[in-house]
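*Asks:* Mind having a look at this structure? Questions to follow.
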Amino acid sequence: VKTSPQLQTTMLYKLLALSALAAAAFAQAPANSPGVVTPGANAGLCLTANSGVNGAGVTIQTCIDAPSQVWNFTLVDNGSSVTVSTFNNTFCLDVTNGVNADGTLVQVWECVPGNTNQEWYYTGDNRCLVFVALSLVCE
């Protein structure tokens, strides 16, 4: 299923939005790790790395049990965030240049410990995966 870039961006930002209650929630690795990341309650679509190279885009595509749709959630040393990796934990979900602005693309990049562009927060109810630097409400 192909979706428009605007729809993909909207879906990603809803997926990555920060809950207003983030301070009260805690970082955790979901019980289904490794597993898929779906936008909202749509189990038919999955977060997908377009390839295993630095800068490869991340899109929402039909779930097909591909390795590029399997994500691992690992607590960061500080325990307040997680990295989300694919391709045998080699490439991490990464916010391009760490820019916290509408329209910023999400990509995969070689996992680098301490890279804040790769730090995410998974809400306690496992409903929202969020970029640590965002300040939007999780919908």
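So for the sequence shown, my numbering puts the first residue at 266; every next one is plus one. Virtual Cβ for every residue (Gly too), placed ideally from N, Cα, C.
Identify, in the order they occur along the chain, each residue of the same chain with its Cβ nearer than 8 Å to the Cβ of A289, setting aside the five sequence neighbours on each side.
*Replies:* Note that A289 has pLDDT 28, beneath the 50 cutoff, so the model's placement of it is unreliable and no number is given.
*Asks:* Since I believe T355 is in contact with Q383 (beta carbons under 8 Å), could you give me their beta-carbon distance rounded to a whole number of angstroms?
*Replies:* Actually they are not in contact, since the Cβ atoms of Q383 and T355 sit about 12 Å apart, beyond 8 Å.
*Asks:* Let me make sure I understand the geometry here. Which of V335, D367, P378, Y386 has the alpha-carbon closest to that of S345?
*Replies:* Y386
*Asks:* Could you give the DSSP three-state label for F291: helix, strand or coil?
*Replies:* Residue confidence is low: F291 scores 43 on pLDDT, short of 50, so the model does not pin down where it sits. Its coordinate-derived value is still stated next. Here F291 sits in coil by DSSP.
*Asks:* Kindly indicate which three-state DSSP category S350 falls into: helix, strand or coil?
*Replies:* Of the three classes helix, strand and coil, the one that applies to S350 here is strand, per DSSP.
*Asks:* Just tell me which of T324, V360, A366, D330 has its CA closest to the CA of A314.
*Replies:* T324
*Asks:* Identify the continuous beta strand (DSSP E) that holds V395 and give its terminal residues.
*Replies:* Boundaries of the beta strand (DSSP E) harbouring V395: 394-396, taken from the DSSP string.
*Asks:* Kindly provide the ranges of any beta strand (DSSP E) runs that are 3 or more residues long and lie completely inside the stretch 295-366, ordered along the chain.
*Replies:* 310-314, 321-327, 337-340, 347-351, 356-360
*Asks:* For the beta strand (DSSP E) containing Q372, name the first residue and the last one.
*Replies:* 371-375
*Asks:* Give every residue of the same chain whose Cβ lies closer than 6 Å to the Cβ of V397, excluding the five residues on either side of it in the sequence, and list them in chain order.
*Replies:* Listed in chain order, the non-local C-beta contacts of V397 below 6 Å within the same chain comprise S346, E384, Y386, local neighbours out to five positions each way being set aside.
*Asks:* Count the other CB atoms within 10 Å of the CB of G379; is the residue buried (16 or more) or exposed (fewer)?
*Replies:* It counts as exposed.
*Asks:* Smallest Cα separation from Q326: which of N319, V301, G363?
*Replies:* V301
*Asks:* Quick one: Cα of C357 to Cα of G309, how far?
*Replies:* 23 Å
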